[in-house]
Structures are given as structure tokens and as C-alpha cells.
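Here is the structure we will look at.
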Amino acid sequence: ISEMASDMADPSSLPYSANSCLPHLPPREASVALSLFYTVLLVFSALGNILALCLACQKDKKINSTGVYLVHLAVSDLLFSLALPGKITYYVLDFSWPFGDGLCRLTAFIMYLNTYGGVYLMTCVSVDRYLAVVCTHQSQRLRSTGRAKLICVAVWVLALLQNVPLLLTPMAKPMAGKLTCMEYVSVEPILGLPVMVLA
């Protein structure tokens, strides 16, 4: 027990580097795994959502309220796909961001815009389907395509307003000789965090 106590008193005697446990210094394997994961995600996301938009926007196809929400959801996911090449590059370069703070902020903004917008739009789809099944006749007026489009505009405005603080907050930080992007060791300096969390 006395040996253990002396080891704990002297961190330099530990068989590993204390830095290896820090969240902002991940191993090389994580870099490779994340690069592959986001590359596969980019391919399937881009192809799947472009196909969904092509099918939804055919001239002879009549779109209903659920279709409106699904089109906006596909657009949201395509926006997310736009942010993926930057993240893939970041992981390929072993957690080193080469594009500067401005593009890091924009990448964070797009990724969180997709998160918030996607959740809101899936909620709209759920409510729309509930009204269609439970209140079939009474919900016809509530489920018009015009109303669905207005709701989508409101969803985008809300998601944009919630994520504007990300554009005003530095997201790229120097760590261990590299410029990192969106590696949140602390969320205290993020402007507007209470608004993002409460909304």
C-alpha cells in the first residue's frame, strides 16, 4: 500500500503519459476510424438525400404535408454533407484543422443547424402523422401543404437563430502544436449557450 501511495503522490512514476488520457489528444487509431466513418457517411448521405429530393420533386408527383417536411429534412441532411469534407480532412490530418477559425465556425454552425433542424423537422413529421391517423377528418385543414411550408420556414428561422452564437464564438484552438476545431474541453466561453440549451 505504501508503494501505491508513493506512486499516486508522484504522477511522473506512472507507466503512461497523463496527456494520453486527455480528450483533446486522441490516438492515431481514432483519427483513422473517424476519417473512414465520415467518408462512408458522406457518400451515403449525399447519394441518399439527392435521390430522395429527385423522387420528391418529380413534376407529376403531388406532394402532401409529410412530403414537404421530408424534403426539408433531406435538404438539412445535404447541408450536413457539405460540412463533412472539412471534418474528414481534419481527421485525416490527425486532428489538425488547416482551414482557419472562420471555416471551423461555419462547419460547426452547419453541423448544429442540421442537428436542431433535423430534430424539429422529425417532430413535425411525427405530429403530422399523428394528426393523419388519429384526427383524420378534422386535421385536413391543419395538414395543408401551405401550412407545412410555413412551419418549415419557422423551423429554419428558429434553428438559424439558435445557432448564430456559434458563428460568433472562436471554435479553432491551438492544442499540442495543432489547430483543433470543435474540440470542446469547456463550454463556458460559448456565447449564447443558455439560449441554445433552453430552446
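Numbering (the numbering used here) for the sequence shown: 133 to 331.
Every residue, glycine too, gets a C-beta built ideally from N, C-alpha and C.
Model, not experiment: these values are computed from the prediction.
Using the C-alpha atoms, what's the distance from residue j back to residue i?
i	j	result
ILE195	VAL203	10 Å
THR239	GLY218	7 Å
ASN181	SER213	9 Å
CYS284	ALA162	37 Å
ARG279	TYR252	15 Å
GLN190	LEU225	41 Å
VAL207	LEU185	8 Å
LEU282	SER276	10 Å
THR255	TYR201	10 Å
LEU179	THR301	32 Å
SER149	PRO306	In this predicted model, SER149 has a pLDDT of only 42, less than 50, meaning its place in the structure is not dependable; the value taken from the coordinates is given anyway. Answer to the nearest angstrom: the Cα atoms are 20 Å apart.
ASP209	VAL172	14 Å
GLU315	ARG160	16 Å
CYS313	PRO297	16 Å
VAL164	ALA188	36 Å
Run through DSSP, which three-state label would residue i get?
i	result
ALA304	strand
THR268	coil
LEU202	helix
LEU311	strand
LEU293	helix
LYS191	coil
TRP288	helix
ASP233	helix
SER208	helix
LEU216	helix
LEU245	helix
SER258	helix
PHE176	helix
PHE169	helix
PHE160	A small fix is needed here, since residue 160 is Arg in this sequence, not Phe. DSSP places ARG160 in helix when its eight states are reduced to three.
To the nearest whole angstrom, what separates the beta carbons of residue i and residue j, a pair I think is in contact under 8 Å?
i	j	result
VAL257	THR198	6 Å
LEU274	LEU263	6 Å
Taking 8 Å as the cut-off, decide whether the C-beta atoms of residue i and residue j are in contact.
i	j	result
ALA304	ASP233	yes
ILE220	LEU183	no
LEU166	TYR223	yes
ILE242	ALA215	yes
LEU245	LEU299	no
GLY249	TRP288	yes
Review point. With a cut-off of 8 Å, do at least 3 Cβ pairs link the stretch 228-243 to the stretch 265-277?
Key: Taking a contact to require three or more Cβ pairs closer than 8 Å, the stretch 228-243 and the stretch 265-277 do not qualify as touching.
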